[in-house]
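Quick note: the sequence shown uses the working numbering, first residue 41, plus one each step.
Don't be surprised by glycine CBs; every beta carbon is placed ideally from N, CA and C.
All values derive from a computational prediction rather than experimental measurement.
Since the structure comes first, as C-alpha cells, the remarks are kept for the end.
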Amino acid sequence: MKRKVLLFGILLGTLNFLSTALRGDWTPSNGPWSGTVMDLLANGSNLFAATRGGGVFRSTDGGGTWNSANNGLTNLYVNTLLSSGSSLFAGTTTTYGGSGGGLFRSMDNGATWVLRNTGLTSVHVNCLAASGSNLFAGTDYDGGSGGVFLSTNNGDNWTQVSAGLPVDHVVALAASGASLFAGTTGNGVYLSTDNGASWNAVNNGLANLTINALLASTPNIFAGTGGGGVFLSTDNGNSWTAVNSGLTNQVVYSLAGSSPTLYAGTSDGVFRTTDNGNSWTQVDSGLTNRYIYSLEVDGKNVFAGTFGAGVFRSQNNGGIWTWSSTGIKAGDIRSFASHDNSVFVGTGGGGVFRSTDNGASWQNVGVNNEWVYSMAAHPNGTGVTLLAGTMGDGIFRSTDDGATWAQSNSGITVPLIWSMALIPNGNQQDLFAGSWGGGVFISTDDGLSWTAGGVIQGAPLIASIVNHNNYVFVASWSSGVFRSSDHGQSFVPVNTGITNPFVNSLWVNGNYLFAGTGGGIFLSTDDGNSWTPINNGLTSSGFYSFIDSATNVFAGAASNDIDPGGVYLTTDFGSTWSPVSPGLANRNIRSFVIRNGNLFAGTYGGGLWQRPLSEMIPTPTPTPTPTATPTPSATPTVTPTPTPTVT
C-alpha cells in the first residue's frame with residue numbers, strides 16, 4: 041500500500057512538473073543591465089549590491105559580473121546591507137510593492153535568506169549598524185512605531201530603543217566605540233552611549249538637519265546632508281564644522297572610506313578628499329549617471345551605486361570610472377520603440393538600450409539624459425527617426441538607429457516629456473509629445489520643431505496619447521481623459537463613467553478604447569462619450585500599460601503593499617480578465633512590447649521579462665464540423681436460387 045502511494049506521489053509530481061514545463065513561466069531577459077543601487081557591501085571576496093526592485097546581487101569578480109542572490113528574499117526592494125560575523129543582513133522596505141518587508145538574514149553568503157522580524161514594529165528598514173555583538177536597525181513609521189531597534193542575538197529578536205528620539209524616521213546609523221549616532225530627516229543627529237536606551241540631539245554647528253549619510257572613522261564622525269554638504273565632528277558629536285571646500289554639489293547621499301581619504305556621493309557625481317574634508321575634488325570621469333546613492337571602498341577599488349544605471353567601478357581611487365553592472369536585473373523599464381530588426385528600451389536612469397536580435401542581447405546607445413520615459417519610431421521617407429523623451433532635457437532625436445543623438449527642442453517650453461505617439465494626419469503621421477506641466481506638443485516635420493497643442497485644463501501630466509476614429513485622446517493624472525477633434529488644437533474632457541481621474545494609459549483595439557487608471561480599467565465603445573468599468577477577474581487596481589496581439593489585450597498593473605500587480609489578459613474585450621504572471625519576480629509593470637512571438641514586460645526596478653505569446657493566449661477550440669447523414673440507398677431484392685432436387 042505504501043509503495044502504491046509513493047508511486048502515485050512520484051507520478052503526480054512528474055505530471056505537475058511536466059505541466060509547469062509545458063505551460064512555461066516568465067523569464068528575465070538577457071539585459072538591459074541597470075537599476076537603482078541603494079547600498080553596496082564588500083565582504084571578503086564578495087561584493088553585494090542592494091537594489092530597489094531587483095533584490096540583492098552578488099559579484100565574485102570585483103564587480104565584473106553579477107548574479108541575483110534572492111533565494112528566500114520575499115521583498116526585492118532592499119535599502120541596506122550589513123555584514124556581522126558570518127551573517128549577512130538585508131533591510132527591505134514596504135514601499136513600491138514589497139511584500140513581507142523587514143529584516144532578512146543569510147548565513148551562507150547570500151545563497152539563502154530567512155525573515156527575521158520578531159519584535160520589529162516597523163518593517164520599513166532604512167539602515168543597519170553593528171557594535172560588537174549588538175545589531176541596530178533604523179526604520180520608518182509605516183503604520184507601526186518606527187525609530188531604532190536593537191538585537192543582541194544576531195537578529196533573532198528585536199527591541200525598540202527609541203527613547204528620546206522625536207521622530208520615527210531614521211535614515212542613517214553609525215557606531216563608534218560605545219557611541220551610536222542616528223541621522224534623521226529634518227531633526228539632525230542624535231547620540232546614544234547606552235546602546236539606544238536613551239538619545240540626545242547633537243546638532244551644535246549643523247546648518248542642515250536633513251541627514252542622508254553618516255560615517256564613523258575614529259575619532260572623526262562625518263555627516264552627509266541634503267543640501268548642506270558634509271559636516272565633521274572630532275568630539276563625538278558635541279560640535280560640527282562644515283567641510284565643503286571644493287564640494288560644488290552639497291546634496292550628499294552617501295559617504296565611504298576611512299580618514300583621511302573619503303568619498304562623497306552626490307546628485308552630481310563623486311567627490312574625493314584626502315584631508316578629512318578640508319578640500320574636495322570631483323572625480324567622475326566616465327560616470328554616465330551622476331546620481332550616486334551608494335559607495336563602497338575595497339582597497340584601491342571604489343564602487344558607486346547610481347540612481348538607475350547600476351554600478352560603476354574605479355580601480356584607481358576614483359580617477360576613471362567604468363560601467364560595471366553586467367547581470368544586474370533591476371532596471372526601471374519605462375518605454376519601448378521598435379522598427380524592422382531593432383527594438384529600443386528607454387529606462388529610468390540608465391538611458392537607451394538597443395537590441396538587434398529580438399531581445400537576446402542589449403547595448404547601451406547613449407542619450408545624454410539617462411531618464412528616458414517615452415520613445416517613438418517615426419518613418420521619415422527613407423528610414424526611421426527615433427525620438428526619446430526625457431525628464432529634464434526634453435526630446436532627443438536619432439536618424440542613425442541610435443548611434444548618435446541630438447536634442448530637438450525647438451518649440452518645447454517644458455522639457456519633461458512623459459509620453460509620445462504617432463498620430464495620423466492625412467498621408468503622414470505627426471508626432472505628439474505629452475509633458476509634465478506643459479500639455480501636448482506637436483511636430484509635423486519629423487521631430488525637428490514643435491508647437492504647443494491646445495490647453496488641457498487641470499491636467500498636470502499627460503501620461504498617454506492615442507488616436508481613434510480621427511480623434512486624439514490623452515490620458516492625464518488627476519483630470520481623466522480628454523479628446524480632440526481638431527488634431528490637438530483643442531481638448532474637451534470625456535469622463536462620463538470614469539470614477540478614478542488618475543489615468544495612466546490608453547489603448548485602442550478595433551472599436552474598443554481602454555483606459556488604465558489608479559482604480560481599475562474602463563472601456564468605451566462610443567469614442568469616449570461614456571465609459572464602463574471592466575474589472576472582472578482583476579485583483580489589482582493601478583494599470584500603467586496595454587498591448588495587444590490580434591484581439592487579445594494584455595494589461596500591466598503596478599504592485600504595492602495592497603495590490604499584487606502583474607500581467608492580465610482578456611480575450612473578450614474586457615468582459616473577463618485572467619492573470620498571466622507566473623514566474624514574474626517583480627510584478628510592478630510599466631511597459632510592453634511584442635517581438636518575434638514574445639511579450640516583453642518592463643518593470644519598475646526588476647528589469648525586463650519575457651514570455652512566449654503562445655503560452656498565454658488560449659488556442660481556440662475548433663468547432664466540430666457536423667458529419668452529413670448519408671442518404672439511404674435502396675436495398676437490393678435477392679431472388680433465391682432454387683435448390684436442386686437430388687435424384
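Determine the extent of the beta strand (DSSP E) in which R353 is found, giving its start and end residues. 351 to 354
If we count the other Cβ atoms within 10 Å of its Cβ and call it buried at 16 or more, is T134 buried or exposed? Under this definition T134 is a buried residue.
Do G537 and T572 have their C-beta atoms within less than 7 Å of each other? Closer than 7 Å, so yes.
Which parts of the segment 307 to 362 are runs of the beta strand (DSSP E), unbroken and 3 residues or longer, counting only runs that do not cross its ends? 309 to 313, 332 to 338, 341 to 346, 351 to 354
Cβ of N166 within 7 Å of Cβ of G178? In this structure, G178 lies closer than 7 Å to N166 by Cβ.
Hey, G309 and Q322: beta-carbon distance below 7 Å or not? yes
Roughly how many whole angstroms lie between the Cα atoms of S185 and N157? Approximately 14 Å, taken between the alpha carbons.
Applying the criterion that 16 or more other CB atoms from any shown protein chain within 10 Å of the CB defines a buried residue, is V532 buried or exposed? exposed
Alpha-carbon to alpha-carbon, Y303 and G137: Here G137 scores only 46 on pLDDT, less than 50, and its place in the model should not be relied on; the value that follows carries that caveat. Straight-line Cα distance between these residues: approximately 32 Å.
Pop quiz: G131 and L168 are said to be a contact at Cβ under 8 Å. What is the actual Cβ separation, rounded to whole angstroms? 5 Å
Run through DSSP, which three-state label would S654 get? helix
Helix, strand or coil at W617 according to DSSP, with G and I counted as helix: W617 falls in the coil class under three-state DSSP.
Are S354 and V337 touching if we call contact CB-CB under 7 Å? no
I'd like to check one pair, R98 with G150: are the Cβ atoms closer than 7 Å? yes
Buried or exposed, going by whether 16 or more other CB atoms sit within 10 Å of the CB of M460? buried
Could you tell me if T387 is buried or exposed, where buried requires 16 or more neighbouring beta carbons within 10 angstroms of its beta carbon? By the Cβ neighbour-count rule, T387 is buried, with 16 or more other Cβ atoms within 10 Å of its own.
Three-way DSSP call (helix, strand, coil) for D79 in this model: The answer is strand: DSSP assigns D79 an E or B state.
Give the single residue among A416, F583, L254 whose Cα lies nearest to the Cα of N575. Sorting A416, F583, L254 by C-alpha distance to the C-alpha of N575 places F583 at the top.
Rounded to whole angstroms, what is the Cα-Cα separation between A212 and S475? 36 Å
With 16 as the cutoff for other CB atoms within 10 Å, does T274 come out buried or exposed? exposed
Within the segment 387 to 416, note down every full alpha helix (DSSP H) run reaching 4 residues or more, in order along the chain. none
With C-beta atoms as the reference, is R92 less than 7 Å away from G466? Not closer than 7 Å, so no.
Spatial neighbours of S325 in its chain, beta-carbon cut-off 6 Å, leaving aside the 5 residues before and after: I360
DSSP state of T158 mapped onto helix, strand, coil: coil
Consult DSSP for W280 and reduce its assignment to one of helix, strand or coil. Per DSSP, reduced to three states, the secondary structure at W280 is coil, with no helix or strand assignment.
Q403 classed as buried or exposed, judged by whether at least 16 other C-beta atoms fall within 10 angstroms: exposed
Helix, strand or coil, according to DSSP, for G596 in the structure here? Secondary structure of G596 (DSSP, three-state): strand.
From the DSSP output, in three-state form, read off L471 for me. strand
Start and end residues, beta strand (DSSP E) containing V607: Run containing V607: 606 to 610, per the beta strand (DSSP E) assignment.
Measure from the alpha carbon of P419 to the alpha carbon of each residue in R523, Q468, P455, F513, then state which is nearest. Q468
Check whether the segment 626 to 639 touches the segment 590 to 608, counting contact only when three or more Cβ pairs, one atom from each stretch, lie closer than 8 Å. yes
Measure the beta-carbon distance from N260 to L272 and round it to whole angstroms, keeping in mind my assumption that it falls under 8 Å. 6 Å
By a C-beta neighbour count over all protein chains shown, 10 Å radius and 16 as the cutoff for buried, is N569 buried or exposed? exposed
Sequence-distant residues of its chain with Cβ nearer than 6 Å to N248 (five each side left out): Same-chain partners within the cutoff: T265, G267, G268.
On a CA-only basis, which of E410, V163, M78 is nearest D601? Give me that one, please. Answer by Cα proximity: V163.
Extent of the continuous beta strand (DSSP E) run through Y584: Membership of Y584 in the beta strand (DSSP E) is indicated by the continuous run 583 to 589.
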